[in-house]
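Below is one structure; the comments refer to it alone.
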Amino acid sequence: MRMGKGKGSFDHWAARVAANQVIFEIRGVLHEQVIRDAFRLAGNKLPGQYEIITKNDPPVVGITKLENGLTLEDLKRPRKKLPAPVVEETSTSATEASSSAPPPS
Numbered sequence: 028m029r030m031g032k033g034k035g036s037f038d039h040w041a042a043r044v045a046a047n048q049v050i051f052e053i054r055g056v057l058h059e060q061v062i063r064d065a066f067r068l069a070g071n072k073l074p075g076q077y078e079i080i081t082k083n084d085p086p087v088v089g090i091t092k093l094e095n096g097l098t099l100e101d102l103k104r105p106r107k108k109l110p111a112p113v114v115e116e117t118s119t120s121a122t123e124a125s126s127s128a129p130p131p132s
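For the sequence shown, this note's numbering gives the first residue as 28, with consecutive numbering after it.
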């Protein structure tokens with residue numbers, strides 16, 4: 028007998044699954060259409076949107092697929108180039124003259 032107050036039976040199970048996480052992995056010699064039909068039926072009972080991926084699909088970083096020549100370095104590079112900061116040069120003689128003058132009284 029279980030201890031504690033809650034002695035009811037389980038109604039359902041729940042698990043949090045992050046985006047782009049592999050949920051099912053199938054190995055073996057199976058026709059791809061059979062697998063797609065099975066997951067279509069299972070997907071009707073599971074909440075969310077799912078995608079079937081194969082070994083030939085490009086890798087995914089975040090929500091971006093690395094395809095058509097896109098690399099990880101391209102994603103790390105900033106999309107927009109910022110202009111270089113402009114540094115104004117001050118004349119040194121004007122600052123020296125003001126520093127050597129006595130303070131006003």
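Beta carbons: idealized from backbone N, C-alpha and C, even for Gly.
Keep in mind the model is a prediction, meaning the values are calculated, not measured.
Beta-bridge analysis with DSSP links K92 to V87. Using a Cβ distance threshold of 9 Å, V88 and L73 do not count as a contacting pair. Assigned with DSSP and collapsed to three states, F66 falls in helix. DSSP, read as helix, strand or coil, puts N47 in coil.
Annotation: the continuous alpha helix (DSSP H) that includes D101 extends over 99-103.
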